[in-house]
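**Q**
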Amino acid sequence: MAYTRDNLKKDAFILQMLVSRDFKLKYRRSFLGIAWSILNPLLMMIVMAAVFSHVFRFDIPNFPVYLILGMTLFSLMSVSTNAGVLSIINAAPLIKKIRVNKLLFPLETVLFELLNYALSLVAVILVMLYFQITPTINILFLPLLLVYVFMFCTGLSLILSALSVFFRDMIYLWGVVIIAWTYTTPIFYHIDLLEPWMQKVMLFNPMFHYVNYIREITLWGVTPNLTNNLICFGAALITLIIGLLVFRKTEKRFILYV
Amino acid sequence: MSRKSAQAQFHETSGNNVVVLENVSMVFNKASESLGSLKEYVIKLLKRQLFFDKFLALDNISLTIKKGDVFGIVGTNGSGKSTLLKIIAGVLEPSSGSCMTKGTIAPLIELGAGFDPELSARENIYLNGALLGYKKIFIDQHFDEIVEFAEVKDFLDLPMKNFSSGMIARLAFSVATVIVPDILIVDETLAVGDMFFQEKCETRIRKLIDVDHVTVLFVSHDTHQVERICERAIWIEHGVEQTRGPAPEVCQAYRSSHGG
Chain F
134 MAYTRDNLKK DAFILQMLVS RDFKLKYRRS FLGIAWSILN PLLMMIVMAA VFSHVFRFDI
194 PNFPVYLILG MTLFSLMSVS TNAGVLSIIN AAPLIKKIRV NKLLFPLETV LFELLNYALS
254 LVAVILVMLY FQITPTINIL FLPLLLVYVF MFCTGLSLIL SALSVFFRDM IYLWGVVIIA
314 WTYTTPIFYH IDLLEPWMQK VMLFNPMFHY VNYIREITLW GVTPNLTNNL ICFGAALITL
374 IIGLLVFRKT EKRFILYV
Chain P
95 MSRKSAQAQF HETSGNNVVV LENVSMVFNK ASESLGSLKE YVIKLLKRQL FFDKFLALDN
155 ISLTIKKGDV FGIVGTNGSG KSTLLKIIAG VLEPSSGSCM TKGTIAPLIE LGAGFDPELS
215 ARENIYLNGA LLGYKKIFID QHFDEIVEFA EVKDFLDLPM KNFSSGMIAR LAFSVATVIV
275 PDILIVDETL AVGDMFFQEK CETRIRKLID VDHVTVLFVS HDTHQVERIC ERAIWIEHGV
335 EQTRGPAPEV CQAYRSSHGG
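So the sequence lines, in the order shown, correspond to chains F and P.
134 is the number of the first residue of the first sequence in our numbering; add one for each residue after it.
95 is the number of the first residue of the second sequence in our numbering; add one for each residue after it.
(1) To the nearest whole angstrom, what separates the beta carbons of P:M194 and P:V114, a pair I think is in contact under 8 Å?
(2) Hey, would you say P:I209 sits closer than 8 Å to P:I273, going by beta carbons?
(3) Which first and last residues belong to the alpha helix (DSSP H) in which F:P226 is found?
(4) Say whether chain P places a C-beta atom closer than 8 Å to the C-beta of F:I222.
(5) Take the Cβ of F:A145 as the centre, count every other Cβ of all protein chains shown within 10 Å, and call the residue buried at 16 or more, exposed below.
(6) Is the number of C-beta pairs between the segment 177-191 of chain P and the segment 200-208 of chain P that are closer than 8 Å three or more?
(7) Under 9 Å between beta-carbons, which chain F residues line up against P:L252? List them in chain order, please.
(8) Any beta carbon from chain F within less than 8 Å of P:K230's own beta carbon?
(9) Among the residues of its own chain, which have a CB less than 8 Å from the CB of P:K98, if the five just before and after it don't count?
(10) Is the CB of F:F146 under 8 Å away from at least one CB in chain P?
(11) Out of F:E241, F:T317, F:L252 and F:K382, point me to the one whose CA is closest to F:F337's CA.
(12) Alpha carbon to alpha carbon, what distance is there between F:A313 and P:G223?
(13) Quick one: which unbroken alpha helix (DSSP H) runs of 4-plus residues sit fully inside the segment 277-324 of chain F? Chain order, please.
(14) Output yes if chain F places a C-beta closer than 8 Å to the C-beta of P:E335; else output no.
(15) Return helix, strand or coil for P:A347, following the three-state DSSP convention.
(16) Pick helix, strand or coil for P:Q292, following the three-state DSSP scheme.
(17) Strictly under 8 Å for the Cβ-Cβ distance: is F:L158 near chain P by that measure?
(18) Only counting the same chain, and skipping five residues up and downstream in sequence, which positions put a Cβ closer than 7 Å to that of F:K235?
(19) Per DSSP, P:C193 is paired with what?
(20) Just verifying my parser: in three-state terms, what is the DSSP assignment at F:L175?
(21) At the level of alpha carbons, what is the spacing between F:D302 and F:S213?
(22) From this set, P:F232, P:G162 and P:L179, which residue's C-alpha is nearest P:I48's C-alpha?
(23) Should F:A251 go down as buried or exposed, given a rule of 16 or more other Cβ atoms within 10 Å for buried?
(24) Could you check whether the Cβ of F:V233 sits closer than 8 Å to any Cβ belonging to chain P?
(25) Alpha carbons only, please: which of P:H315, P:P211, P:M120 and P:G333 is nearest the one belonging to P:A341?
(26) Got a sec: which bits of the segment 363-382 of chain F sit with their beta carbon under 7 Å from any beta carbon on chain P, in order along the chain?
(27) Report the neighbours of P:G184 on chain F: residues whose CB is nearer than 7 Å to its CB, in chain order.
(28) Our contact map puts F:A295 next to F:F238 with C-beta atoms below 8 Å; I'd like the distance itself, whole angstroms only.
(29) Just to confirm, is the Cβ distance from P:V168 to P:V320 under 8 Å?
(30) Since P:R264 sits in a beta bridge, which residues does DSSP pair it with?
(31) What number of angstroms, rounded off, separates the C-alpha of F:P339 from the C-alpha of P:T177?
(32) For P:R216, which residues of its own chain have a beta-carbon under 7 Å away from its beta-carbon, when the five flanking residues on both sides are left out?
(33) With F:R386 as the anchor, note down where its beta strand (DSSP E) starts and where it stops.
(34) Is P:F312 near P:V280, with beta carbons less than 8 Å apart?
(35) Does the contact criterion of 3 or more C-beta pairs under 8 Å hold for the segment 195-212 of chain F versus the segment 272-286 of chain F?
(36) In three-state DSSP terms, what is F:S163?
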């Protein structure tokens, strides 16, 4: 059936219900509840900052801020895609029972993590206050960056969720890819630390550009130039388009494999 | 794209037909269903075993149902009835042929989609309703009606895991039938709750048929029930149409072939 405004409204309502379900389930029966979304990145940052500034002695100004900005943004990608891989498989009972737009499931996992990320920004603000970093006008680029990252993560989740229906190996494989990706992205070190050839390779890592972007606009007060924006947007758009194509091509056969 | 335009065309030209199936076949691939990993896939691919072992669940079924029809489908277990219903409900996509429907469908095939044991009954009503395609305002308006019919008023804010299976089934049925759909799909294996609640369910379905003149697809292997409720019927065996026509004749043929 052609996709109408009415369909859009219904899908939006389903999305809203699924996201609110996930929120209720996530912190069910935990004492601090939603505060964990803020505490978790904060505590992680403290541990990492302690390890890397005392053991490895990296010399990056405002290292904790540098760290938490990169960590939280990267984990938005890693957590949402890790959940995205399983999104269709986990929705199998639903897909088998009723007619529903299957695209909603990977989309929902990314939306849910985006909201969690918004909460973790409170932790970022706290750290920035502590280190007396005053954001410049460039902070207004943040929503734009989040659109890029959201598109990028949705694209990845679409691809991964579709492939994992046919090959469950994807679930485990992706876990390994994420680990490798974490260490090859300058999250807790500076790109200058890398060999020149690796720095060139890094230009093909979208996550490097996104992490760099958020540090520019919040920590360094730099206005991202057009090239920067085009790279970030381009990577997101290409990933999203590939994701949509793969998903649309395979979704009819999901029910036979889940 | 072709499917979309065909659907649009269907809306303009179909007149009174609300369900049109044309040469629908459904093939399940038995071999590929058990494939779980890339390794198995490659091995089977090399051995050329991959696309063997096909199972034809439906073989070239064509069917037209008019608005207001009460249509029965009979057949033994595993004859393809449920597959047919799932195709009409839009859960399954046919391997070949086309299926077009007009209007909203209430599929009482498998109820309680999305029910989460950790959520309260109240939250589950909204979640399940959303998945069935209801609007929020519709659920708001009919909330009391749903709760009252399901008889769970005192337990609304308890997690559903504390509910008995009967209570869950009642709530599921209640949410699914609160709407007056254009097409109602009823699977007879869907016996819900205790005797008294089953009566209540039947009354509600009867009301939809008699008062609201909803189009109904009714599946059963109890032919007497089909005769009682339906006007026309089709008999399917091993995915192949055996006969169709007025319900009594079809049911008679079905019974005599099974020595009854």
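Backbone N, C-alpha and C define an ideal beta-carbon position, used for all residues, glycine too.
**A** The structure says:
(1) As a working note, residue 194 of chain P is residue 100 in the second sequence. As a working note, residue 114 of chain P is residue 20 in the second sequence. About 5 Å separates the two Cβ atoms, so the contact holds.
(2) One-based indexing of the second sequence puts residue 209 of chain P at position 115. One-based indexing of the second sequence puts residue 273 of chain P at position 179. Note on identity: in this sequence residue 209 of chain P is Phe, with Ile being the wrong assignment. Not in contact: P:F209 and P:I273 (Cβ atoms no closer than 8 Å).
(3) Along the first sequence, one-based indexing puts residue 226 of chain F at 93. Going by DSSP, F:P226 is part of the alpha helix (DSSP H) stretching over A225 to K230.
(4) Position 89 of the first sequence, counted from the start, is the residue given in the question as residue 222 of chain F. It does not: the Cβ of F:I222 has no partner Cβ on chain P nearer than 8 Å.
(5) Sequence index remark: in the first sequence, residue 145 of chain F carries index 12 (1-based). Counting Cβ neighbours within 10 Å, F:A145 comes out exposed, since fewer than 16 surround it.
(6) Yes, they touch.
(7) By 1-based counting over the second sequence, the position of residue 252 of chain P is 158. Neighbours of P:L252 on chain F: none; closest Cβ ~14 Å, over 9 Å.
(8) Sequence index remark: in the second sequence, residue 230 of chain P carries index 136 (1-based). Answer yes: the Cβ-Cβ gap between P:K230 and chain F drops below 8 Å somewhere.
(9) Taking the first residue of the second sequence as 1, we reach residue 98 of chain P at position 4. Low per-residue confidence applies at P:K98: pLDDT is 49, beneath 50, and the placement is therefore not dependable, though the value from the model is reported in the following sentence. For P:K98, where only same-chain residues beyond five positions count, there are no Cβ hits under 8 Å.
(10) On the first sequence, residue 146 of chain F is found 13 positions in, with the first residue counted as 1. Yes, F:F146 lies at the interface with chain P (some Cβ there is under 8 Å from its Cβ).
(11) Numbered from 1 along the first sequence, position 204 holds the residue referred to as residue 337 of chain F. Ranking the options by Cα distance to F:F337, first place goes to F:T317.
(12) Taking the first residue of the second sequence as position 1, residue 223 of chain P is located at position 129. Taking the first residue of the first sequence as position 1, residue 313 of chain F is located at position 180. Those two C-alpha atoms are separated by around 42 Å.
(13) Runs found: 302-317.
(14) For the purposes of this step, residue 335 of chain P is taken as residue 241 along the second sequence, with counting starting at 1. Taking Cβ atoms only, chain F never reaches closer than 8 Å to P:E335, which makes this a no.
(15) As a first step, residue 347 of chain P is located in the second sequence; it is residue number 253 there, counting from the start. If DSSP states are grouped into helix, strand and coil, P:A347 belongs with the helices.
(16) As a position in the second sequence, residue 292 of chain P is number 198, starting the count at 1. In the structure shown, P:Q292 sits in a helix (DSSP, three-state: H, G or I).
(17) Counted from its first residue, the first sequence places residue 158 of chain F at position 25. At least one chain P Cβ lies under 8 Å of F:L158.
(18) Within the first sequence, residue 235 of chain F is the residue found at index 102, counting from 1. If we look at F:K235 and ignore the five residues flanking it on each side, its Cβ neighbours are I221, I228, E384 and F387.
(19) Numbered from 1 along the second sequence, position 99 holds the residue referred to as residue 193 of chain P. Residue pairing by DSSP places P:C193 opposite P:L115 in a beta bridge.
(20) For this step, residue 175 of chain F is matched to residue 42 along the first sequence. F:L175 carries a helical assignment under DSSP once its states are collapsed to helix, strand and coil.
(21) The residue labelled residue 302 of chain F in the question sits at position 169 within the first sequence. The residue labelled residue 213 of chain F in the question sits at position 80 within the first sequence. C-alpha of F:D302 to C-alpha of F:S213: approximately 18 Å in a straight line.
(22) No information on residue 48 of chain P is available, as it lies outside the stretch 95 to 354 that chain P covers here.
(23) Position 118 of the first sequence, counting from 1, holds the residue named residue 251 of chain F. Around the beta carbon of F:A251, fewer than 16 other beta carbons lie within 10 angstroms, which makes this residue exposed.
(24) Translated into the one-based positions of the first sequence, residue 233 of chain F becomes position 100. Chain P, which has a Cβ nearer than 8 Å to the Cβ of F:V233, makes this yes.
(25) Residue mapping note: residue 341 of chain P aligns to position 247 of the second sequence, counting from 1. Nearest of P:H315, P:P211, P:M120 and P:G333 to P:A341, Cα basis: P:H315.
(26) Cβ contacts with chain P come from no residue of the segment 363-382 of chain F.
(27) As a working note, residue 184 of chain P is residue 90 in the second sequence. At a C-beta separation below 7 Å, P:G184 has these neighbours in chain F: R232.
(28) The sequence position of residue 295 of chain F within the first sequence is 162, counting from 1. The sequence position of residue 238 of chain F within the first sequence is 105, counting from 1. The Cβ separation is near 11 Å, so there is no contact.
(29) On the second sequence, position 74 is the one that residue 168 of chain P refers to. On the second sequence, position 226 is the one that residue 320 of chain P refers to. Yes. Within cutoff.
(30) Here residue 264 of chain P refers to the residue found at position 170 of the second sequence. Partner(s): none; P:R264 has no beta bridge.
(31) Indexing the first sequence from 1 puts residue 339 of chain F at position 206. Indexing the second sequence from 1 puts residue 177 of chain P at position 83. The alpha-carbon separation between F:P339 and P:T177 amounts to approximately 45 Å.
(32) Counting from 1 along the second sequence, the entry for residue 216 of chain P is found at position 122. Excluding the 5 residues flanking it on each side, P:R216 has same chain C-beta neighbours closer than 7 Å at L250 and D251, in chain order.
(33) Residue mapping note: residue 386 of chain F aligns to position 253 of the first sequence, counting from 1. No residue range can be given for F:R386, since it is assigned to no beta strand (DSSP E) and is classified by DSSP as neither H nor E.
(34) Your numbering for residue 312 of chain P matches position 218 in the second sequence. Your numbering for residue 280 of chain P matches position 186 in the second sequence. Against a cut-off of 8 Å, the Cβ pair of P:V280 and P:F312 comes out as a contact.
(35) The segment 195-212 of chain F vs the segment 272-286 of chain F: in contact.
(36) Along the first sequence, read from residue 1 onward, the residue named residue 163 of chain F stands at position 30. F:S163: coil per DSSP, three-state reduction.
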